[in-house]
Every structure is written in C-alpha cells, then in structure tokens.
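A.B. asks:
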Amino acid sequence: MEFRNERTWQNAVEMGKTEEFHAAYESAVDKIRTEFGQKHPMIIDGQETRATSTFQDLCPADTRIVLGLFQKGTRAHAKQAIKAAKTAFPAWSAMPYTERVRLVQRAAELISQRKFGLAALMSFENGKNRYEAMADVDEAADLMRWYAAEMLRNQGYERPMGQFLPGETTRSILKPYGVWAVVAPFNFPLAIAAGMSTGALITGNTVVFKPASDTPYMGLRLAELLAEAGLPPGVFNYVTGPGATVGQELVENSDVDGFVFTGSRAVGLRAFKRFTRGRPKPIITEMGGKNPTIIAASADLDKAALGVVRAAFGYGGQKCSACSRVLVERRVKDAFLAKLVAETEKLKVGDPTVRDVYLGPVINEAAVATYQKAIAEIMSSNGKLLTGGKALTGNGHFVEPTIVDGLPRDHRINKEELFVPILSIVEAEDLADAIQVANDVDYGLTAGIFSREPADLRRFFAEVEAGVLYANRAAGSTTGAVVGVQPFGGWKMSGISGKAAGGHDYLPQFLREQSQSEYS
4 MEFRNERTWQ
14 NAVEMGKTEE
24 FHAAYESAVD
34 KIRTEFGQKH
44 PMIIDGQETR
54 ATSTFQDLCP
64 ADTRIVLGLF
74 QKGTRAHAKQ
84 AIKAAKTAFP
94 AWSAMPYTER
104 VRLVQRAAEL
114 ISQRKFGLAA
124 LMSFENGKNR
134 YEAMADVDEA
144 ADLMRWYAAE
154 MLRNQGYERP
164 MGQFLPGETT
174 RSILKPYGVW
184 AVVAPFNFPL
194 AIAAGMSTGA
204 LITGNTVVFK
214 PASDTPYMGL
224 RLAELLAEAG
234 LPPGVFNYVT
244 GPGATVGQEL
254 VENSDVDGFV
264 FTGSRAVGLR
274 AFKRFTRGRP
284 KPIITEMGGK
294 NPTIIAASAD
304 LDKAALGVVR
314 AAFGYGGQKC
324 SACSRVLVER
334 RVKDAFLAKL
344 VAETEKLKVG
354 DPTVRDVYLG
364 PVINEAAVAT
374 YQKAIAEIMS
384 SNGKLLTGGK
394 ALTGNGHFVE
404 PTIVDGLPRD
414 HRINKEELFV
424 PILSIVEAED
434 LADAIQVAND
444 VDYGLTAGIF
454 SREPADLRRF
464 FAEVEAGVLY
474 ANRAAGSTTG
484 AVVGVQPFGG
494 WKMSGISGKA
504 AGGHDYLPQF
514 LREQSQSEYS
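If you're matching positions, the sequence shown starts at 4 in this note's numbering and goes up one per residue.
(1) Identify every residue that forms a DSSP beta bridge with Asp-408.
(2) Ordered along the chain, which non-local residues of its own chain (more than five positions away) have a Cβ less than 6 Å from that of Leu-229?
(3) If we count the other Cβ atoms within 10 Å of its Cβ and call it buried at 16 or more, is His-43 buried or exposed?
(4) By DSSP's criteria, Tyr-374 is part of a beta bridge. Which residues make up the other side?
(5) When the Cα atoms are used, what is the spatial distance from Ala-232 to Gly-292?
(6) Pick helix, strand or coil for Pro-163, following the three-state DSSP scheme.
(7) Rounded to whole angstroms, what's the CA-CA distance from Arg-133 to Gln-512? Just pull it up for me.
(8) Drop a sphere of 10 angstroms on the beta-carbon of Met-137, count the other beta-carbons inside from all chains shown, and report buried for 16 or more, exposed for fewer.
(9) Can you give me the C-alpha to C-alpha distance between Gly-250 and Tyr-150, rounded to a whole angstrom?
(10) Based on DSSP bridge pairs, tell me the residues matched to Arg-174.
(11) In terms of residues, what are the limits of the beta strand (DSSP E) holding Arg-358?
(12) Under the assumption that Asp-354 contacts Ala-64 (Cβ atoms under 8 Å), give the Cβ distance between them as a whole number of angstroms.
(13) Less than 7 Å separating the beta-carbons of Phe-316 and Thr-288?
(14) Just verifying my parser: in three-state terms, what is the DSSP assignment at Arg-117?
(15) Have a look at Met-125 and Thr-172 and give me their C-alpha separation to the nearest angstrom.
(16) Can you find the residues in the same chain that come closer than 8 Å, C-beta to C-beta, to Asp-305, ignoring five residues on each side of it along the sequence?
(17) Rounded to the nearest angstrom, how far is the Cβ of Ser-383 from that of His-414, given a contact under 8 Å?
(18) Look at the alpha carbon of Ala-152 and the alpha carbon of Ala-88, and state the distance between them as a whole number of angstroms.
(19) If you draw a straight line from the C-alpha of Val-254 to the C-alpha of Met-221, how long is it?
(20) Using beta-carbon positions only, say whether Thr-243 and Gly-130 come within less than 7 Å of one another.
(21) List the endpoints of the continuous beta strand (DSSP E) containing Glu-289.
(22) Got a sec? Which residues, its chain only, sit under 7 Å from Val-485 by beta carbon, not counting five neighbours each side?
(23) Between the alpha carbons of Glu-332 and Glu-403, how many angstroms are there, rounded?
(24) Around the Cβ of Thr-11, are there at least 16 other Cβ atoms within 10 angstroms (buried) or fewer (exposed)?
(25) Which runs of the beta strand (DSSP E), 3 residues or longer, sit entirely within the stretch 318-361?
(26) What separation, rounded to the nearest whole angstrom, lies between the Cα atoms of Ser-115 and Glu-23?
(27) To which residues of the same chain is Val-344 closer than 8 Å at the C-beta, ignoring the five residues directly before and after it?
(28) From which residue to which residue does the alpha helix (DSSP H) around Lys-89 run?
(29) Could you have a look at Ile-499 and say whether DSSP puts it in helix, strand or coil?
(30) Which term fits Gly-165, buried or exposed, when burial requires 16 or more other beta carbons within 10 angstroms of its beta carbon?
(31) Look at the Cβ atom of Val-104, then the Cβ atom of Met-147, and state whether they are nearer than 7 Å.
(32) Say whether the stretch 311-325 touches the stretch 422-437, bearing in mind that this needs 3 or more beta-carbon pairs closer than 8 Å, one atom from each stretch.
(33) For the candidate residues Ser-301, Ala-338, Thr-90 and Ile-297, whose alpha-carbon lies nearest to that of Ser-327?
(34) In chain order, what residues of the same chain have a beta carbon less than 6 Å from the beta carbon of Gly-198, not counting five sequence neighbours either side?
(35) Could you give the distance in angstroms between the alpha-carbon of Arg-162 and the alpha-carbon of Ile-176?
(36) Helix, strand or coil: which one does DSSP assign to Asn-8?
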C-alpha cells in the first residue's frame with residue numbers, strides 16, 4: 004500500500020469542507036465533555052490494574068475541570084509490566100513481520116476513524132487548538148503507516164549477502180532486542196507516543212509505555228487502540244505514575260533492553276547515564292532545541308514575519324522545534340520587527356476549543372512559573388519587551404506571546420530551552436555572523452532562514468549545525484516536520500542517535516544485526 008499523509012485540515016481547505024471539519028470537531032468536544040471525571044486503570048499484560056492511590060488529570064485551560072483520575076503507579080507496577088513484556092517477547096518477535104505490520108496498520112486506521120474525538124480530548128488535556136490537535140492525531144496515524152511501509156519496503160530487514168567460499172549461503176538479518184521502555188512527552192501525546200511505540204513494536208520488540216503525567220488520557224487512548232487492533236496481551240503495557248517511581252524503574256531494571264525518550268535535556272542525560280551504566284544498551288533520546296531563524300537582508304519580510312510567528316508561538320512555544328531566537332541582519336531589523344510585532348498582536352489567547360483561538364494555555368503551573376521567571380530576568384537585564392510579558396489571570400495557565408530585544412548574545416534566555424512563548428531578537432551584522440550565533444548553542448534540532456539569495460541558502464544548508472533545516476517556510480520557520488517529507492531528529496545535545504523519526508533510518512535503531520551463514 005502506498006504511503007499517504009492524513010492531512011485532515013489541509014484536505015478540508017482544499018475541498019471546501021472547512022465547516023464540516025469545524026462541525027465534526029465541535030460535536031466531538033460536546034461528546035467528550037460527558038466522559039470527564041472517571042477513574043481509569045493501568046493496563047498490564049492485557050489486564051486492568053490499579054494502584055492504591057490516584058492523581059488528577061486537570062484541564063490546563065480550566066483547572067476546575069477534572070478530566071479523569073489516573074493510577075499513581077509504583078516501581079512494583081513497572082516491574083510487573085516489564086515482566087509481562089518480557090514474557091510476551093518470544094511469541095511477538097517470532098510473529099511474521101507482515102502480521103505485525105497488519106496490526107499496526109489496523110491501529111492507524113482506528114486513529115483515522117476516531118480522529119475528531121481524539122483531537123477534542125487533546126485540546127482539553129494539553130491545550131492545543133483544534134488545528135494543532137488534529138495535526139497531532141494525523142501525525143500519529145502517519146507515523147504508524149510510514150513505519151509499516153518501511154518494514155515492507157525493507158522486507159523485514161533481511162538481506163542476502165555475498166559468497167566467499169563454494170557452497171556458502173549468507174544473509175544479514177536485523178533482530179529485535181527485547182523489552183523497550185517508551186517515555187513520552189506532553190506536547191505531542193499521541194504522535195510522539197505512537198511513533199516511538201510503533202518503532203519498537205513493529206520491529207518485534209515489546210513495550211512498557213509511560214505517558215507524561217500531564218497527558219495520561221491520550222496515553223490511555225493509544226493503549227486502547229493498540230489492544231483493539233489486536234496486539235496480544237503483554238506486548239504493549241500502559242503504566243502511569245511519577246518519573247521518580249515508574250520512570251526510575253524503567254531506567255534501572257536490567258530486564259529493559261532498550262529505552263526511547265522525548266523530553267528535556269536534563270532528564271534525557273540522566274536516563275542515558277543510568278540506563279547504560281551496567282552494560283551497553285540502545286537508548287534513543289530527543290532532548291529539545293534552541294532553534295534560530297535567520298532573517299537575511301534580502302528576505303521577504305512579510306513571509307518571514309508570518310513564518311516566525313507560527314514557529315515561535317504555535318502551541319505556545321511548547322515544541323522542541325519552536326523558534327526561540329531570531330537572528331536578523333541590522334539593515335532590515337526595524338522593518339522586520341514592525342511586521343513581526345503586528346502579526347504577533349493579532350493572535351488570540353484563550354480556550355483552545357474555540358475556533359479562532361491560536362494560543363491555548365501552557366501545560367501547568369510550572370510552565371507559568373518558568374515564563375514569569377524568564378520575564379523577570381529579561382527586565383533585570385535591561386531587555387526590551389516589544390509585546391507581551393504577562394501571565395493572565397483566571398482558572399487556566401495562560402500567558403501572553405512575548406518578543407524581547409536587546410539581551411546579550413550569551414544571556415541564558417538566548418542559550419537555554421524555555422518551552423514557553425518567549426522569542427528573543429538578536430541583531431546580526433551579516434549572514435556569517437548570524438550563522439555563527441545560530442551554531443553557538445549546545446542544541447542542534449531545527450533552524451530556518453529567509454533570504455531571496457540562492458548563495459545565502461546554500462551557505463545556510465552547508466554550515467548550520469542542526470538536523471532539520473528550512474528555507475523560506477512561511478508555514479513555520481522552524482516547525483512542522485511532516486512524516487515522510489522531513490525526517491525529524493537533532494544534532495549535538497538535541498539527540499543521541501543522529502537518526503530521525505519519520506525517515507528511512509529510524510527503525511533499524513530498534514534492531515541489532517545478525518550474520519547467518521550456511522554451507523553445503
């Protein structure tokens with residue numbers, strides 16, 4: 004089957020069916036409201052499992068809304084899940100790869116059938132507006148289908164090799180490791196969770212999955228969809244609870260053979276050190292970015308302003324690919340900033356289920372505190388707020404999209420990932436200077452440029468140290484990688500493996516090579 008991206012919103016626009024899209028989403032919002040407040044189990048070895056205590060999953064747009072009560076899992080629950088996954092591994096890994104592909108494709112189809120309900124729940128749980136929530140759901144189905152297509156294209160990663168001796172028949176085969184821990188982030192609670200889990204599952208590994216504690220509901224939906232698609236008990240285990248208990252057990256348990264994680268640099272580095280302490284084991288981490296957009300003197304400033312605003316403030320800057328630095332050539336700085344501020348001040352902040360809202364809430368109180376601390380540092384460093392700078396009062400975690408100018412290049416705000424909607428402006432003398440500043444951070448995930456000069460683009464692609472590069476992209480100067488179009492992975496402190504999700508080289512990370520030779 005030929006791979007095709009889901010493209011729900013784009014298709015609605017192209018087919019003149021945007022009102023049908025909005026009606027379906029709003030109907031799903033009304034329906035999901037009736038399901039809030041229930042208690043939900045963990046799923047271990049195919050069985051509902053409960054802990055002695057629960058935690059609340061609150062809506063970040065209105066913390067009076069309790070979306071559900073989820074189990075506060077312990078190390079014992081994580082051990083139980085690891086044991087179940089280990090027991091299930093022999094049969095799952097021995098299953099023909101074409102059958103695993105069929106089950107993953109079935110799960111992707113279920114996501115497509117239920118996309119509006121999933122998007123509505125996501126808006127309530129992590130605060131994405133309807134367009135970004137739907138894109139997240141679409142990406143989950145896309146990743147599943149892409150990896151299924153990759154398994155078929157590579158014929159299960161079994162290849163004939165050469166002959167050295169008479170009567171010699173040889174082959175190389177990639178085989179699964181065993182049990183993989185999958186630890187997912189809140190910001191793409193279906194897409195990234197599904198992508199990492201599918202990478203492990205479709206290659207014959209079994210999974211213990213821990214969702215972010217801010218988004219356990221979307222994690223539960225993934226577990227339910229995989230079970231409905233036909234995954235045997237124990238192949239995918241869903242465990243909720245704190246990183247200090249569940250997460251720690253996943254990192255330290257010797258029966259976990261592989262670890263895949265998306266989240267902060269600090270947590271990723273700790274996991275890397277602990278997980279590989281006893282013996283060499285595969286670990287795949289994506290650990291954020293401090294992503295720049297370069298505005299060259301020849302740039303189309305209207306396109307550049309639009310692209311930067313979308314990349315900086317889409318989902319409130321809570322993307323590892325978000326643009327958090329603009330490196331603008333001095334000659335066009337004032338003209339560009341006028342357009343950038345004007346575009347930013349058009350954005351509406353509020354309830355993400357409302358049609359014209361662009362920015363919903365940040366995820367929790369800690370994110371608001373991060374924002375407020377950064378604003379205080381900016382003001383104490385004589386930074387100039389061009390727009391924004393306030394946390395909004397009310398029952399949700401709302402903050403203003405903010406643009407700041409005048410901070411020193413080596414200021415913390417220009418070096419560290421914040422994961423909130425704060426964009427810093429850095430003046431550059433020329434393209435060479437801008438590229439030097441772009442590279443002068445620990446991270447290397449995404450980067451963008453706006454220029455009409457082909458030579459500028461060639462130099463940008465040749466010299467910028469990041470895994471995903473965009474030139475003149477109004478849809479998002481550093482964001483919006485599409486499965487099968489832009490493989491997504493980082494350099495330097497942004498990732499460990501150097502292999503990108505949604506690309507051709509992702510799945511072999513979950514496999515190890517074995518050479519087999521027969522002689523007649």
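We put the beta carbon where it would ideally sit given N, CA and C, even for glycine.
C.D. replies: With the structure as the only source:
(1) Lys-387 and Ile-428
(2) The residues are Ala-110 and Phe-239.
(3) buried
(4) Tyr-374 pairs with nothing; no bridge assigned.
(5) 35 Å
(6) In the displayed model, Pro-163 falls within a strand according to three-state DSSP.
(7) 33 Å
(8) buried
(9) 26 Å
(10) DSSP output for Arg-174 lists Pro-163 and Gln-519 as bridge partner(s).
(11) It is not in any beta strand (DSSP E) - Arg-358 carries neither H nor E in the DSSP assignment.
(12) 5 Å
(13) no
(14) coil
(15) When rounded, the distance between both Cα atoms is 52 Å.
(16) Taken in chain order, the residues that qualify are Lys-342.
(17) That belief does not hold up - the Cβ atoms of Ser-383 and His-414 are roughly 11 Å apart, past 8 Å.
(18) Cα to Cα, Ala-152 sits roughly 25 Å from Ala-88.
(19) 23 Å
(20) no
(21) 286-289
(22) For Val-485, where only same-chain residues beyond five positions count, the Cβ hits under 7 Å are Asn-8.
(23) 26 Å
(24) buried
(25) 326-332
(26) 16 Å
(27) Leu-389, Thr-390 and Ile-406, listed in sequence order.
(28) Run containing Lys-89: 78-97, per the alpha helix (DSSP H) assignment.
(29) Coil at Ile-499, not helix or strand.
(30) exposed
(31) no
(32) yes
(33) Ile-297
(34) Closer than 6 Å at Cβ, skipping near neighbours: Leu-146 and Ala-504.
(35) 6 Å
(36) Assigned with DSSP and collapsed to three states, Asn-8 falls in coil, not helix or strand.
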